[in-house]
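**Q**
Residue numbers (the working numbering): 3 to 85.
Set out below in structure tokens:
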């Protein structure tokens, strides 16, 4: 728990993929996972996220029930990203 956030507009991020994936992947799944991460682990940054990503808010209903994940964060006493 803890960490930091950097906003670097000109950054490039790479990812190495396997030759074949054992699962189906499409952009919407990534968007929902990105949203779930923000809602659970970075709630204090939601206003910044909504400003920088106008589309992500469209997936809130698909994020599902995050109560168990939030309870885990609380139980582990994770610090905010500001820590």
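In this text, a Cβ means the ideal position worked out from N, Cα and C, and glycines have one as well.
#1: Return the residue from the list 43, 33 and 49 that minimises the CA-CA distance to residue 80.
#2: From the DSSP output, in three-state form, read off residue 55 for me.
#3: Note down the Cα distance separating residue 22 from residue 28, rounded to an integer number of angstroms.
#4: In chain order, what residues of the same chain have a beta carbon less than 8 Å from the beta carbon of residue 40, not counting five sequence neighbours either side?
#5: When the Cα atoms are used, what is the spatial distance from residue 65 to residue 76?
#6: Residue 89 and residue 34: beta carbons closer than 8 Å?
#7: By the 10 Å Cβ neighbour count, where 16 or more other Cβ atoms means buried, how is residue 78 classified, buried or exposed?
**A** So, from the listed chains and residues:
#1: By 1-based counting over the chain shown, the position of residue 80 is 78. Looking at the Cα atoms, 43 is the closest of the given residues.
#2: As a position in the chain shown, residue 55 is number 53, starting the count at 1. In the three-state reduction of the DSSP assignment, residue 55 falls in the coil class, being assigned neither a helical nor a strand state.
#3: One-based indexing of the chain shown puts residue 22 at position 20. One-based indexing of the chain shown puts residue 28 at position 26. Taking the straight line from one Cα to the other gives about 14 Å.
#4: What you label residue 40 is simply residue 38 of the chain shown in a count that begins at 1. The residues are 47, 48, 51 and 58.
#5: As a working mapping, residue 65 is identified with position 63 in the chain shown. As a working mapping, residue 76 is identified with position 74 in the chain shown. Roughly 19 Å between the two C-alpha positions.
#6: This structure leaves residue 89 out entirely; the chain is present only between 3 and 85.
#7: Counted from its first residue, the chain shown places residue 78 at position 76. Its Cβ having fewer than 16 others within 10 Å, residue 78 is exposed.
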